[in-house]
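Written below as structure tokens is the structure these notes are about.
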Amino acid sequence: MADLIAVTFPSEAQAEEVRNRILELQKEYLIDIGDAVIAVKSESGHVKLNQLISTTAAGAAGGSFWGLLIGVLFLNPLVGVAAGAGAGALAGALTDVGVNDRFMKDLAEQKIEPGQAVLFVLVKKVTGDKVLEALRGVGGTVLQTSLDHTREDALRKALAGEAENEPAPGV
352 MADLIAVTFP SEAQAEEVRN RILELQKEYL IDIGDAVIAV KSESGHVKLN
402 QLISTTAAGA AGGSFWGLLI GVLFLNPLVG VAAGAGAGAL AGALTDVGVN
452 DRFMKDLAEQ KIEPGQAVLF VLVKKVTGDK VLEALRGVGG TVLQTSLDHT
502 REDALRKALA GEAENEPAPG V
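Just so we're on the same page, the numbering used here is the position in the sequence shown counted from 1, plus 351.
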């Protein structure tokens, strides 16, 4: 089962830096993510999603290929490519992969201030201790997770740069 983690950052640049760090950890097989999206709230209150994968572009590319094949069969490959690209782009634009776009936009509209960003990560598998160590001190505030209380608390401490066995300040 996948876990959803949403962390707020003061800027899109900081959220992007953390997303890149998570993608590097994925290359090292320490984490397997299903999606990693950054939602940014503009000064006007509009929320923009910065997706990892453009489903519209992927759909257009796939549609172009199949359109070319069908066009060759009917001796008009250019029309086939154009029709296939258009159909593929439309299908891609209507496809929602990973975390639900409406959910991300609604949460960002309600919970963050203009200029801030939320990094949404859908985690399939994780080597928890190594990933937490790699993310220690990156900053950010946990907004929402589907983790249990113990793992969520460990994530909060790692983002703040606290050692796991350190007592919380004032305790």
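Each residue gets a CB set at the ideal place from its N, CA and C atoms; glycine is no exception.
8 Å Cβ shell around residue i - same chain, five flanking residues per side excluded
{"i": "K475", "result": "A353, D383, I384, G385"}
Check whether residue i and residue j have beta carbons under 7 Å apart
{"i": "L486", "j": "A509", "result": "yes"}
{"i": "L470", "j": "R370", "result": "yes"}
{"i": "L312", "j": "L355", "result": "Within the shown structure, residues of the chain are numbered from 352 to 522, placing residue 312 beyond reach of any answer."}
Distance, residue j Cα to residue i Cα
{"i": "L381", "j": "L374", "result": "10 Å"}
{"i": "D452", "j": "A366", "result": "17 Å"}
{"i": "M455", "j": "A514", "result": "30 Å"}
{"i": "E368", "j": "I389", "result": "11 Å"}
{"i": "G488", "j": "K399", "result": "26 Å"}
{"i": "L403", "j": "K378", "result": "15 Å"}
{"i": "L376", "j": "V482", "result": "7 Å"}
{"i": "L445", "j": "G466", "result": "Only weak support exists for where L445 lies, its pLDDT of 49 falling under 50; the value from the coordinates is given anyway. Spanning the two alpha carbons is a distance of roughly 28 Å."}
{"i": "G479", "j": "L498", "result": "12 Å"}
{"i": "H397", "j": "F360", "result": "17 Å"}
When the options are compared against residue i, the one with the closest alpha-carbon
{"i": "T492", "options": "G512, S393, V477", "result": "G512"}
{"i": "G449", "options": "A387, A364, F360, P361", "result": "A387"}
{"i": "S362", "options": "E484, K392, Q461", "result": "K392"}
{"i": "E464", "options": "A364, R372, E394", "result": "E394"}
Same chain only: Cβ atoms within 6 Å of residue i, ignoring 5 sequence neighbours per side
{"i": "Q495", "result": "A357"}
{"i": "G490", "result": "none"}
4 or more residues per run - each alpha helix (DSSP H) lying fully within the stretch 353 to 389: Within the stretch 353 to 389, complete alpha helix (DSSP H) segments of at least 4 residues are found at 363 to 378, given in chain order.
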